[in-house]
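Numbering (my numbering), first residue to last: 49 to 260.
This is how it looks when you write it as C-alpha coordinates:
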(Lines of atoms letter the chains of each structure in order from A and count residues from 1; the text may use other names and numbers.)
(Lines give C-alpha, C1' and ligand atoms only; values in the text may rest on other atoms or scores of the structure.)
Protein backbone atom coordinates (compact mmCIF):
# COMPACT_ATOMS: atom_id res chain seq x y z
CA UNK A 1 0.00 0.00 0.00
CA UNK A 2 1.31 3.45 -0.87
CA UNK A 3 1.89 5.52 2.25
CA UNK A 4 0.82 8.81 0.69
CA UNK A 5 -1.95 10.74 2.41
CA UNK A 6 -2.12 13.71 0.06
CA UNK A 7 -0.64 15.57 -2.90
CA UNK A 8 1.60 18.57 -2.39
CA UNK A 9 0.08 21.29 -0.24
CA UNK A 10 -1.64 24.22 -1.95
CA UNK A 11 0.13 27.56 -1.90
CA UNK A 12 -0.38 30.23 0.77
CA UNK A 13 -2.90 28.70 3.18
CA UNK A 14 -4.78 31.30 5.18
CA UNK A 15 -4.14 31.95 8.86
CA UNK A 16 -7.69 30.81 9.63
CA UNK A 17 -7.09 27.54 7.81
CA UNK A 18 -3.89 26.93 9.77
CA UNK A 19 -5.61 27.59 13.08
CA UNK A 20 -8.50 25.29 12.24
CA UNK A 21 -6.09 22.56 11.18
CA UNK A 22 -4.11 22.77 14.42
CA UNK A 23 -7.18 23.02 16.67
CA UNK A 24 -7.43 19.28 17.27
CA UNK A 25 -5.74 17.31 20.10
CA UNK A 26 -4.43 14.53 17.85
CA UNK A 27 -3.11 16.98 15.28
CA UNK A 28 -1.35 18.91 18.06
CA UNK A 29 0.38 15.64 18.99
CA UNK A 30 1.34 15.13 15.36
CA UNK A 31 2.88 18.59 15.15
CA UNK A 32 4.90 17.92 18.30
CA UNK A 33 6.01 14.54 16.95
CA UNK A 34 7.05 16.02 13.61
CA UNK A 35 8.99 18.86 15.22
CA UNK A 36 11.90 16.58 16.08
CA UNK A 37 11.49 13.87 13.44
CA UNK A 38 10.66 13.35 9.77
CA UNK A 39 8.11 10.53 9.66
CA UNK A 40 5.75 8.79 7.27
CA UNK A 41 2.03 8.40 7.90
CA UNK A 42 2.59 4.80 8.97
CA UNK A 43 5.27 5.84 11.47
CA UNK A 44 3.07 8.60 12.85
CA UNK A 45 0.23 6.10 13.28
CA UNK A 46 2.46 3.69 15.21
CA UNK A 47 3.92 6.42 17.42
CA UNK A 48 0.51 7.81 18.38
CA UNK A 49 -1.38 4.54 18.60
CA UNK A 50 -3.88 5.31 15.87
CA UNK A 51 -4.76 3.73 12.55
CA UNK A 52 -2.90 4.39 9.32
CA UNK A 53 -6.09 5.74 7.75
CA UNK A 54 -6.68 8.14 10.64
CA UNK A 55 -3.08 9.37 10.61
CA UNK A 56 -3.24 9.86 6.84
CA UNK A 57 -6.42 11.90 7.12
CA UNK A 58 -5.07 14.23 9.80
CA UNK A 59 -1.74 14.60 7.99
CA UNK A 60 -3.68 15.60 4.88
CA UNK A 61 -5.43 18.35 6.83
CA UNK A 62 -2.14 19.62 8.25
CA UNK A 63 -0.40 19.44 4.87
CA UNK A 64 -3.12 21.35 3.07
CA UNK A 65 -2.99 24.02 5.78
CA UNK A 66 0.79 24.33 5.55
CA UNK A 67 1.39 23.10 9.10
CA UNK A 68 3.51 20.20 7.85
CA UNK A 69 5.64 19.91 4.72
CA UNK A 70 6.98 17.00 2.71
CA UNK A 71 10.56 16.44 3.88
CA UNK A 72 11.40 13.58 1.53
CA UNK A 73 10.32 10.25 0.13
CA UNK A 74 11.32 6.63 0.55
CA UNK A 75 10.53 3.46 -1.35
CA UNK A 76 8.27 1.09 0.58
CA UNK A 77 6.49 -2.12 -0.28
CA UNK A 78 3.87 -1.19 -2.82
CA UNK A 79 4.99 2.34 -3.62
CA UNK A 80 6.60 5.49 -2.29
CA UNK A 81 6.05 6.92 1.19
CA UNK A 82 6.36 10.62 1.88
CA UNK A 83 8.01 11.77 5.08
CA UNK A 84 6.66 14.84 6.84
CA UNK A 85 7.99 17.42 9.26
CA UNK A 86 6.59 20.44 11.09
CA UNK A 87 8.55 23.62 10.18
CA UNK A 88 7.77 25.23 13.51
CA UNK A 89 10.10 28.22 13.23
CA UNK A 90 8.84 29.18 9.78
CA UNK A 91 5.28 28.90 11.04
CA UNK A 92 6.02 31.04 14.10
CA UNK A 93 7.70 33.73 12.01
CA UNK A 94 4.79 33.75 9.58
CA UNK A 95 2.28 34.15 12.40
CA UNK A 96 4.25 37.02 13.96
CA UNK A 97 4.54 38.83 10.63
CA UNK A 98 0.86 38.47 9.76
CA UNK A 99 -2.24 40.21 11.13
CA UNK A 100 -3.62 39.22 14.55
CA UNK A 101 -5.50 35.95 14.57
CA UNK A 102 -9.29 35.90 14.75
CA UNK A 103 -10.21 35.44 18.45
CA UNK A 104 -13.07 33.11 17.50
CA UNK A 105 -10.69 30.83 15.61
CA UNK A 106 -8.09 31.01 18.38
CA UNK A 107 -10.70 29.84 20.89
CA UNK A 108 -10.88 26.46 19.17
CA UNK A 109 -7.10 26.18 19.29
CA UNK A 110 -7.09 27.05 22.99
CA UNK A 111 -9.69 24.35 23.68
CA UNK A 112 -7.54 21.78 21.89
CA UNK A 113 -4.50 22.91 23.90
CA UNK A 114 -6.44 22.57 27.15
CA UNK A 115 -7.65 19.07 26.28
CA UNK A 116 -4.16 18.01 25.27
CA UNK A 117 -2.71 19.49 28.48
CA UNK A 118 -4.97 17.23 30.55
CA UNK A 119 -3.87 14.17 28.55
CA UNK A 120 -0.22 15.10 28.97
CA UNK A 121 -0.64 15.67 32.70
CA UNK A 122 -2.24 12.25 33.09
CA UNK A 123 0.73 10.76 31.20
CA UNK A 124 3.39 12.57 33.25
CA UNK A 125 6.25 10.74 34.93
CA UNK A 126 4.81 9.00 38.04
CA UNK A 127 7.05 10.77 40.54
CA UNK A 128 6.37 14.32 39.33
CA UNK A 129 3.83 14.92 42.10
CA UNK A 130 4.75 15.71 45.68
CA UNK A 131 8.16 15.81 47.30
CA UNK A 132 11.06 13.93 45.74
CA UNK A 133 12.25 11.30 48.23
CA UNK A 134 15.18 8.91 48.32
CA UNK A 135 12.90 6.15 47.05
CA UNK A 136 11.70 8.12 44.03
CA UNK A 137 15.22 9.33 43.35
CA UNK A 138 16.45 5.74 43.20
CA UNK A 139 14.11 5.05 40.28
CA UNK A 140 15.70 7.86 38.25
CA UNK A 141 19.19 8.05 36.82
CA UNK A 142 20.17 10.62 39.45
CA UNK A 143 18.53 12.65 42.19
CA UNK A 144 18.84 15.66 39.90
CA UNK A 145 16.88 13.88 37.19
CA UNK A 146 14.17 12.99 39.69
CA UNK A 147 13.94 16.63 40.72
CA UNK A 148 13.59 17.89 37.14
CA UNK A 149 10.94 15.24 36.47
CA UNK A 150 8.67 17.11 38.85
CA UNK A 151 8.24 19.85 36.27
CA UNK A 152 6.30 22.99 37.18
CA UNK A 153 2.74 24.29 37.09
CA UNK A 154 2.08 28.03 37.17
CA UNK A 155 -1.11 30.05 36.87
CA UNK A 156 -1.49 33.81 37.16
CA UNK A 157 -3.94 36.57 36.30
CA UNK A 158 -2.24 39.66 37.69
CA UNK A 159 -1.46 43.33 37.05
CA UNK A 160 2.17 44.11 36.19
CA UNK A 161 4.10 46.98 34.63
CA UNK A 162 4.83 46.87 30.86
CA UNK A 163 8.52 46.08 31.35
CA UNK A 164 7.73 43.03 33.48
CA UNK A 165 5.17 41.79 30.98
CA UNK A 166 7.53 42.28 28.05
CA UNK A 167 10.31 40.37 29.80
CA UNK A 168 7.93 37.56 30.72
CA UNK A 169 6.84 37.20 27.08
CA UNK A 170 10.46 37.13 25.93
CA UNK A 171 11.30 34.38 28.43
CA UNK A 172 8.26 32.32 27.43
CA UNK A 173 9.13 32.61 23.73
CA UNK A 174 12.70 31.62 24.55
CA UNK A 175 11.49 28.55 26.46
CA UNK A 176 9.26 27.51 23.57
CA UNK A 177 12.04 27.98 21.02
CA UNK A 178 14.52 26.12 23.24
CA UNK A 179 12.36 23.00 23.36
CA UNK A 180 11.39 23.12 19.69
CA UNK A 181 15.00 23.57 18.57
CA UNK A 182 16.13 20.79 20.89
CA UNK A 183 13.43 18.30 19.83
CA UNK A 184 14.79 14.92 18.70
CA UNK A 185 13.13 11.78 17.30
CA UNK A 186 11.15 9.82 19.93
CA UNK A 187 13.30 7.49 22.02
CA UNK A 188 16.61 9.10 21.08
CA UNK A 189 19.23 7.97 23.66
CA UNK A 190 20.04 10.65 26.21
CA UNK A 191 16.75 12.52 25.80
CA UNK A 192 13.74 12.96 28.09
CA UNK A 193 10.09 12.90 27.05
CA UNK A 194 8.72 16.26 28.24
CA UNK A 195 5.73 18.52 27.59
CA UNK A 196 5.30 22.29 27.55
CA UNK A 197 2.06 24.24 27.10
CA UNK A 198 2.18 28.04 27.08
CA UNK A 199 -0.56 30.64 26.91
CA UNK A 200 0.11 34.28 27.77
CA UNK A 201 -1.97 37.28 26.75
CA UNK A 202 -3.15 40.69 27.97
CA UNK A 203 -6.61 40.81 29.54
CA UNK A 204 -9.39 43.19 28.55
CA UNK A 205 -10.24 45.99 31.01
CA UNK A 206 -12.66 44.77 33.69
CA UNK A 207 -16.33 45.59 33.23
CA UNK A 208 -18.86 46.53 35.91
CA UNK A 209 -20.08 42.92 35.84
CA UNK A 210 -16.52 41.68 36.47
CA UNK A 211 -16.28 43.99 39.46
CA UNK A 212 -19.40 42.38 40.92
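Backbone N, C-alpha and C define an ideal beta-carbon position, used for all residues, glycine too. Quick caveat: nothing in here was measured; it's all calculated off a predicted structure.
What are the partner residues of residue i, as DSSP defines its beta bridges?
{"i": "residue 87", "result": "132"}
{"i": "residue 164", "result": "None, per the DSSP bridge assignment."}
{"i": "residue 121", "result": "130"}
Can residue i and residue j be called in contact, C-beta distance under 9 Å?
{"i": "residue 120", "j": "residue 232", "result": "no"}
{"i": "residue 167", "j": "residue 113", "result": "no"}
{"i": "residue 132", "j": "residue 117", "result": "yes"}
{"i": "residue 63", "j": "residue 143", "result": "yes"}
{"i": "residue 110", "j": "residue 79", "result": "yes"}
{"i": "residue 157", "j": "residue 71", "result": "yes"}
{"i": "residue 173", "j": "residue 203", "result": "no"}
Of the choices the options, whose alpha-carbon is the least far from that of residue i?
{"i": "residue 221", "options": "206, 140 and 237", "result": "140"}
{"i": "residue 135", "options": "81, 97, 126 and 163", "result": "81"}
{"i": "residue 214", "options": "159, 137 and 249", "result": "249"}
{"i": "residue 160", "options": "252, 245 and 257", "result": "245"}
{"i": "residue 87", "options": "235, 130, 169 and 253", "result": "130"}
{"i": "residue 138", "options": "201, 147 and 115", "result": "115"}
{"i": "residue 165", "options": "243, 69, 219 and 253", "result": "243"}
Comparing the CB of residue i with every heavy atom of the ligand FAD, is any distance shorter than 8 Å?
{"i": "residue 121", "result": "The ligand FAD is absent from the structure shown, which contains no ligands of any kind."}
* Hey, is the region 145–157 in contact with the region 210–230, meaning 3+ C-beta pairs nearer than 8 Å? -> No, because fewer than three Cβ pairs between the region 145–157 and the region 210–230 fall closer than 8 Å, the two stretches do not touch.
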